[in-house]
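J.: Just so we're aligned, residue 10 is where the sequence shown starts under the working numbering, counting upward by one.
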Amino acid sequence: MIQNGAAIQSDASVTENLRAIKRAAKVKATDLAFKTGLNRMTIAAAEGTADPRLSTVVSLLEAMGYGLLPVPQHLLEATANFINNEGQVLSLPAGVNAPLGVAQRFMQAADD
10 MIQNGAAIQS
20 DASVTENLRA
30 IKRAAKVKAT
40 DLAFKTGLNR
50 MTIAAAEGTA
60 DPRLSTVVSL
70 LEAMGYGLLP
80 VPQHLLEATA
90 NFINNEGQVL
100 SLPAGVNAPL
110 GVAQRFMQAA
120 DD
């Protein structure tokens with residue numbers, strides 16, 4: 010679980026993730042306006058139901074210490090999980106085998 014940031018939701022909209030990040034950062038729209046040069050109406054629209062411009066989203070994210078990373082659709086959930094677990098891989102996806110550890114390789118070599 011991320012302690013100082015917002016959990017990224019792979020199935021959430023851009024505006025929902027912006028709101029979550031802003032809440033986690035405990036930043037006000039006036040502070041974002043000052044940092045980004047955007048007016049408060051633009052910021053409110055980006056957090057609302059509007060379809061914000063990419064440049065607006067990037068400016069807001071950068072002002073809150075985040076970046077925007079394009080991820081292939083089929084990797085969205087796994088990438089969000091990786092980020093939310095602070096880079097720790099908790100388990101492998103079904104059907105993926107982990108490489109043998111040093112002790113396992115040693116035992117396998119002893120059996121041969």
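Where a beta carbon is used, it is the ideal one built from N, C-alpha and C, also for glycine.
I'd like to know if the stretch 26-39 and the stretch 53-68 are in contact, where contact means that at least 3 CB-CB pairs between them fall below 8 Å.
T.: Contact holds: three or more Cβ-Cβ distances are below 8 Å.
J.: According to the Cβ coordinates, are S132 and T45 closer than 7 Å?
T.: Only positions 10 to 121 of the chain appear in the structure, and residue 132 is not among them; the question remains open.
J.: Name the two residues that bound the continuous alpha helix (DSSP H) containing R28.
T.: Taken as a continuous stretch (DSSP letters only), the alpha helix (DSSP H) holding R28 covers V23 to A34.
J.: Only counting the same chain, and skipping five residues up and downstream in sequence, which positions put a Cβ closer than 7 Å to that of T88?
T.: These residues qualify, in order along the chain: V80.
J.: Would you mind reading off the limits of the alpha helix (DSSP H) that contains R49?
T.: Run containing R49: R49 to E56, per the alpha helix (DSSP H) assignment.
J.: Taking 7 Å as the limit between beta carbons, can you name the residues of its chain near Y75, skipping five residues before and five after?
T.: I30, listed in sequence order.
J.: Thinking just about the alpha-carbon of each residue, which of P61, S64, I92 and E86 is nearest to the one in D20?
T.: Looking at the Cα atoms, E86 is the closest of the given residues.
J.: With the cut-off set at 7 Å, would you say L77 and L70 are in Cβ contact?
T.: Yes; because the gap between Cβ atoms is below 7 Å, this pair is in contact.
J.: Measure the Cβ-Cβ separation of I52 and L63 and say whether it is below 7 Å.
T.: Cβ atoms of I52 and L63: not closer than 7 Å.
J.: Helix, strand or coil: which one does DSSP assign to E86?
T.: Helix at E86.
J.: Restricting to Cα atoms, I'd like to know which of D120, L47, I92 and G96 is closest to Q18.
T.: When each option's Cα is compared against that of Q18, the closest is I92.
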